[in-house]
Structure formats: C-alpha cells, structure tokens
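Positions -18 to -1, 1 to 154 (mature numbering (1 follows the signal peptide of the UniProt record, and there is no 0)) are the ones given, in order, by the sequence shown.
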Amino acid sequence: MAVLFAAMIASYSVAAHAASTEAALGIGLLGIAVSVAIAVDPSDDLSNIPPTLALFVLLPGAFGFAWARRSRDVDDLAARVSAAEDALAEERQGKQRRPVAAMPLTERQHDVVLLVARGFSNKEIAAALHLSENTVKGYVSDILTLHDLRDRTQLVIRAYDTGLVAPPEPRA
C-alpha cells in the first residue's frame, strides 16, 4: 500500500505545499500549521486504514484535505467510518454493547481495578484501601497476569468493556 503517513516536525503553511499537492494525487494538509501529511494514491487499497486516520481522509472541509479524485475505496472507507460512528452514538445513548467476557476478581482486586480506572496511582490506591504500596503493585501485577493484559491502560479498557466500570456522566 503506497499510503504515506509522515509526521512533520516543523509547521508549514498550506501555500508552501501547493507544489506537493500537485505532485501527489492527494495530500492532506491539516490546518494552517501542518502536523501530519497523508499522501494517498486513489488506486491504493484503503480498507486497512485505521479509523482514526480515516477521519483525516474523510473530513476534507474540516482539515483542508485536497483530493485529485475519490476512489471507490474511499467511499467504502466512509461507509465503515459511518458505521463506527453509529455504534459509538448507540453506546453514548446507553444501548447495550456486544458482551465481553467478565473479569473474575476477588473483592479486593475489584476495588483496585475501580481505583486504577479512576486514574489513581499505586500510592493513592494504597492510601485509599489502607494497604502498602507494594501490596497494591502486587494486586495490579496479578490482575494483569490473570487477564493477559499488558499494562494499566489495557486493564482500564477491559474494565469499561466488561461493564465493571461505567463511564462518567457527561458534564453539562
């Protein structure tokens, strides 16, 4: 796939890249100060572009994206992103997501996971649960190992996915 994702160190103006836009079939210029450029050949297979990057491809007006022409893959990608947006909207409205295997935990492990999901450090968890910091580290390590998780971030994601932790209510 000849899709180029390049992080630009310096900021450039849209005008400075006019020649690049003509040279490539399409180039994404994200705002006046360019932080990311995406060059896409319309013949590329775009089905494997991550949804986050797809937003840059599909939001021309918002990000100043210039296309020489749109391919059918881009339209397919737009349909996939639209479906993902619908799924997110349903979730935000409280509709049930597809079930994820529950996390079997002891009561103490459950308490630790809840505090990790709220962003507490090991030291803060130790103070809140009246444990030593080393004990909390042991709990976190055991939970990660038991559920085959790489880090605290994956632990928090799993806690939300299983319904163990509910997202906070949006602020008005």
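Note that the Cβ used here is the ideal one computed from N, Cα and C, for glycine as well.
Is DSSP giving residue 145 helix, strand or coil here?
Numbered from its first residue, the sequence shown carries residue 145 at position 163. Three-state DSSP puts residue 145 in coil, outside helix and strand.
If we ignore side chains and look at the alpha-carbon of each, how far apart do residue 105 and residue 84 end up?
Numbered from 1 along the sequence shown, position 123 holds the residue referred to as residue 105. Numbered from 1 along the sequence shown, position 102 holds the residue referred to as residue 84. For residue 105 and residue 84, the distance between alpha carbons rounds to 27 Å.
So, at 7 Å on beta carbons, what are the nonlocal neighbours of residue 147 in its own chain, with the 5 sequence-adjacent residues on each side left out?
Position 165 of the sequence shown, counted from the first residue, corresponds to residue 147. Once the five neighbours on either side are set aside, the close Cβ partners of residue 147 are 96, 99 and 141.
Best match in 88, 87, 129 and 138 for proximity to residue 102 [C-alpha to C-alpha]
Looking up residue 102 in the sequence shown gives position 120. It is 138.
Between which two residues does the alpha helix (DSSP H) holding residue 97 run?
If you number the sequence shown from 1, residue 97 lands on position 115. That run of the alpha helix (DSSP H) goes 89 to 99.
Residue burial classification, residue 87 (beta-carbon count within 10 angstroms, cutoff 16):
Within the sequence shown, residue 87 is the residue found at index 105, counting from 1. Using a 10 angstroms sphere on the CB of residue 87, the tally of other CB atoms reaches 16 or more, which defines it as buried.
Look at the alpha carbon of residue 135 and the alpha carbon of residue 153, and state the distance between them as a whole number of angstroms.
One-based indexing of the sequence shown puts residue 135 at position 153. One-based indexing of the sequence shown puts residue 153 at position 171. Rounded to whole angstroms, residue 135 to residue 153 spans 23 Å at the Cα level.
Burial state of residue 145 (16 or more Cβ within 10 Å)
By 1-based counting over the sequence shown, the position of residue 145 is 163. The residue is exposed, with fewer than 16 neighbouring Cβ atoms inside 10 Å.
C-alpha gap between residue 114 and residue 131, whole angstroms:
If you number the sequence shown from 1, residue 114 lands on position 132. If you number the sequence shown from 1, residue 131 lands on position 149. One C-alpha to the other measures close to 23 Å.
With distances taken from CA atoms, which of 151, 90 and 149 is nearest residue 112?
What you label residue 112 is simply residue 130 of the sequence shown in a count that begins at 1. Closest option to residue 112, Cα to Cα, is 90.
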